[in-house]
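Here's the structure, in structure tokens; my notes come after.
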């Protein structure tokens, strides 16, 4: 790993100053990973929003749009797998900041050089790889500064960052189109979000701190034993010993795979589906796109509170409830005729689909040791993007091209049912592990 990205170990903080310093670094880092992760989505969802313009500009089919989307998402899955594993050994601040700068530069490249199908595909592959540098540092901060008792609610707040970032794309692009004109649509869709991301990259470099022990602070009590185990272990050893052989890590990964198939099956095709199939105007589509992202914010926060308080730290029950409701929301979204009804069902689907995704991320931090969180997130991200997002983009695009939008509905409903099964199995696994741990202490 480049020396620039390695952790900088600071001098030990005097014992009297530990509580105040720990609390200050904790919340500075939380704010940093919150706005930083939101910014990654600003320079990612801008591509999804631009697909109607891109399809008209390049004269390409829905299957080709699906292929381009898959290039980004598969590369992101690979990047998330590799980069999150590397993040376990890196300085979160430097790792996340560098990734965001590289993504912003590649977004600018889409505007300047995106004049052919294959050039765009190449840029999107690079963009996806570097997008993988955002999530690992965020999970490392959440798992090393916040204990399990508060982690559900805190992570629910952080999880809304990608909804805020994804939702911000519409107003940012709209402002760009208003000032630059529709003739300069590529600058509005790609350069304006990139400039915002570069400003945020500089800000998070100041805000985010290293792990507590790298900042001269004591680790959380629940992580002390884990930190001792990790001494001298390589990223590959951590992955093979604590992730690949862990059934819980595989269950959360399969669950996330189907969540992402649902999410990207809706999100990727929302602009084209609403404009071409439902007769929405470009402005109406952007409003629905924003509601799809931002409707998830209150539901995610509520899910975090419920999983912490009502369900006593169990993450799967709220996810199971959400998935059952999603089955009916997808039917309403696909079959409704009015602009209002379609927008409401899109908002409800967006509101609910992020609940199992968020709770799955919290569950990931709790089925592996703290030093293996980045690696577990990497496995989960690899599977969800390489497999899940491909099924929701390329496969759905091919199905719609050959059999119509009804085939897309069938695929999404199938994914919802499979995700539901994974949630039930994951809940049973966690309860079984708790019983085993309780028996060992008696």
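In our numbering, the protein residues as written are 1204 to 1645.
For each residue, glycine too, the CB sits at the ideal point set by N, CA and C.
Residue 1401 and residue 1234 - do their beta-carbons sit closer together than 8 Å?
no
May I have the straight-line CA-CA distance separating residue 1358 from residue 1587, to the nearest angstrom?
19 Å
Can you tell me whether DSSP reads residue 1227 as helix, strand or coil?
helix
Taking the alpha carbon of residue 1648 as the point to measure from, which residue in 1482, 1331, 1355 has its own alpha carbon closest?
In the structure displayed, the chain extends from 1204 to 1645; residue 1648 sits before or after that span and is not available.
Counting only beta-carbon atoms, is residue 1395 nearer than 8 Å to chain B?
In the structure shown, chain B cannot be found, because there is only a single protein chain.
Just to confirm, is the Cβ distance from residue 1208 to residue 1291 under 8 Å?
no
Rounded to the nearest angstrom, what separates residue 1490 and residue 1550 at their Cα positions?
10 Å
Taking C-beta to C-beta, are residue 1523 and residue 1615 nearer than 8 Å?
no
Tell me the start and end of each unbroken alpha helix (DSSP H) in the region 1434–1502 that is at least 4 residues and wholly inside, in chain order.
1438–1445, 1450–1470, 1485–1497
So, does the region 1596–1608 touch the region 1378–1392, judging by three or more C-beta pairs under 8 Å?
no
Can you give the Cα-Cα distance for residue 1419 and residue 1217, rounded to whole angstroms?
Spanning the two alpha carbons is a distance of roughly 9 Å.
Go ahead and label residue 1321 buried or exposed: buried means 16 or more other beta carbons lie within 10 angstroms of its beta carbon, across all protein chains shown.
Exposed, by the Cβ-count rule.
First and last residue of the alpha helix (DSSP H) that includes residue 1365?
1351–1383
In terms of alpha-carbon separation, which member of 1571, 1580, 1360 lies closest to residue 1507?
1360
With three or more C-beta pairs closer than 8 Å as the rule, is the region 1321–1335 touching the region 1266–1285?
Yes, the region 1266–1285 is in contact with the region 1321–1335.
Which whole-angstrom value is the C-beta distance of residue 1577 and residue 1468, which I expect to be below 8 Å?
Rounded, the Cβ-Cβ distance is 28 Å, inconsistent with contact.
I'd like the span of the alpha helix (DSSP H) that includes residue 1218, first residue to last.
No alpha helix (DSSP H) holds residue 1218; DSSP gives it neither H nor E.
If distances are taken between C-alpha atoms only, which option among 1593, 1569, 1561 comes closest to residue 1366?
Comparing Cα-Cα distances from residue 1366 to each of 1593, 1569, 1561, the minimum goes to 1561.
At a cut-off of 7 Å, is residue 1255 close to the ligand ADP when judged by its beta-carbon and the heavy atoms of the ligand?
Because no ligand of any kind appears in the structure shown, any question about the ligand ADP cannot be addressed here.
With a 10 Å radius around its C-beta and 16 neighbouring C-beta atoms as the bar for buried, classify residue 1556 as buried or exposed.
buried
Mind checking residue 1439: buried by the 16 CB within 10 Å criterion, or exposed?
exposed
Just the Cα atoms here: how many angstroms apart are residue 1226 and residue 1422?
12 Å
Check whether the Cβ atoms of residue 1269 and residue 1596 lie closer than 8 Å to each other.
yes
Starting from the C-beta of residue 1664, find all residues in its chain whose C-beta is less than 7 Å away, skip the five residues before and the five after it, and write them out in chain order.
What is shown of the chain runs 1204 to 1645, which leaves residue 1664 out entirely.
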